[in-house]
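Taking full-length UniProt numbering, the leading residue of the sequence shown gets 1, the next gets one more, and so forth.
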Amino acid sequence: MSDGGPQGEGTLSDIPWAAAFDPAVNVRALGEIQARGFRAASSIVDRFVRMSRPADPASGADSAETPTQARQPTALPDVDQVVAAWQKMLGQVVGSLRSVTATPSDTATLDLGNSRAGAPLLLEATEAGSVCTEVWLHNGGTEDLGTVMLRCSDLLAHDGSAIPAAGVRFTPGAVPMVARSSRGVTMEIDVPGGATAGCYRGTLLADGHPDVWLPIALTVTRSAP
Numbered sequence: 001m002s003d004g005g006p007q008g009e010g011t012l013s014d015i016p017w018a019a020a021f022d023p024a025v026n027v028r029a030l031g032e033i034q035a036r037g038f039r040a041a042s043s044i045v046d047r048f049v050r051m052s053r054p055a056d057p058a059s060g061a062d063s064a065e066t067p068t069q070a071r072q073p074t075a076l077p078d079v080d081q082v083v084a085a086w087q088k089m090l091g092q093v094v095g096s097l098r099s100v101t102a103t104p105s106d107t108a109t110l111d112l113g114n115s116r117a118g119a120p121l122l123l124e125a126t127e128a129g130s131v132c133t134e135v136w137l138h139n140g141g142t143e144d145l146g147t148v149m150l151r152c153s154d155l156l157a158h159d160g161s162a163i164p165a166a167g168v169r170f171t172p173g174a175v176p177m178v179a180r181s182s183r184g185v186t187m188e189i190d191v192p193g194g195a196t197a198g199c200y201r202g203t204l205l206a207d208g209h210p211d212v213w214l215p216i217a218l219t220v221t222r223s224a225p
């Protein structure tokens with residue numbers, strides 16, 4: 001088990017994999033990354049100040065400069081070293097931000113307490129058959145929302161070609177959404193034989209929650225045999 005470091009300073013590895021779909025956990029992770037970057041920047045600034053600070057003259061015979069010491073130039077900080085340290089720190093912070101904020105395009109999230117549409121669910125198929133993905137439902141409130149079912153519309157292409165809603169299946173068909181819970185539902189879309197290449201668009205809905213919806217785009221890269 002990885003060491004979380006000083007008390008109150010957890011690491012990203014301490015977050016369960018399922019929590020990666022929780023917006024609240026992602027916000028906390030971003031806060032941790034910002035704090036880590038601030039601590040790294042403070043450390044580099046302190047190092048730069050120490051390198052730039054002149055030696056404090058001491059009293060006594062031992063502090064007297066010799067002629068050789070007097071002729072030596074004052075040591076200056078290695079600017080290249082400081083710049084390289086800054087670049088390394090910034091690279092680590094940016095890499096951490098990308099790893100946390102990047103959301104797989106084949107995973108959907110529906111927040112039952114949020115009336116705004118979520119990020120589009122992007123899928124791709126190269127042949128006839130089933131395309132499988134996962135949809136995460138979140139209830140961050142204090143109320144039990146009961147059992148929730150998902151529904152999907154027909155997926156329609158610009159030329160009128162369609163993948164019917166009857167070819168979309170959810171497993172399990174319904175999930176209990178108690179207070180402060182998240183549930184994962186597997187979604188399968190059957191791409192029929194002979195489906196023409198193109199982008200098929202539709203809408204994912206949650207039964208009983210009319211303001212919650214998600215756009216879907218399934219791209220068939222070539223005509224299915």
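Glycine included, every Cβ here is placed at the ideal spot set by N, Cα and C.
Note that the structure is a prediction, hence the values are computed from the model and not measured.
| Item | Value |
| --- | --- |
| Whose C-alpha, out of R183, Q81, G129, D111, is nearest the C-alpha of D211? | D111 |
| Go ahead and label H138 buried or exposed: buried means 16 or more other beta carbons lie within 10 angstroms of its beta carbon, across all protein chains shown. | buried |
| Let me know the secondary structure DSSP gives L121 once reduced to three states. | strand |
| How would you call C152, buried or exposed, if buried means at least 16 neighbouring beta carbons within 10 angstroms? | buried |
| Measuring alpha carbon to alpha carbon, tell me which residue in V178, W136, C132, A162 is nearest R169. | C132 |
| State the DSSP-derived secondary structure class of M177, mapped to helix, strand or coil. | coil |
| Secondary structure at S130, three-state DSSP: helix, strand or coil? | strand |
| For G202, count the other beta carbons within 10 Å of its own beta carbon; 16 or more makes it buried, fewer makes it exposed. Which is it? | buried |
| Below 8 Å on the Cβ atoms is my contact criterion, and I expect M187 with G146 to pass it. Report the Cβ-Cβ distance as a whole number of Å. | Incorrect: roughly 21 Å between the Cβ atoms, too far for contact. |
| Using DSSP's beta-bridge definition, name the partner residues of H138. | D111, S182 |
| Going by C-alpha to C-alpha distance, which of D207, N114, A41, A195 sits closest to A125? | A195 |
| When you compare the CB positions of G193 and S161, do they come within less than 8 Å of one another, or not? | no |
| So, A206 versus L150, is the Cβ gap smaller than 8 Å? | yes |
| Determine the burial state of L90: buried for a count of at least 16 other Cβ atoms within 10 Å of its Cβ, exposed for fewer. | exposed |
| Please report the straight-line C-alpha distance between D190 and G167, rounded to a whole angstrom. | 5 Å |
| Between which two residues does the beta strand (DSSP E) harbouring A206 extend? | 198-206 |
| What separation, rounded to the nearest whole angstrom, lies between the Cα atoms of S115 and W213? | 8 Å |
| If you compare alpha carbons, which of Q34, R39, E127, G37 is closest to T219? | E127 |
| May I ask you to report which of helix, strand or coil DSSP gives A217? | strand |
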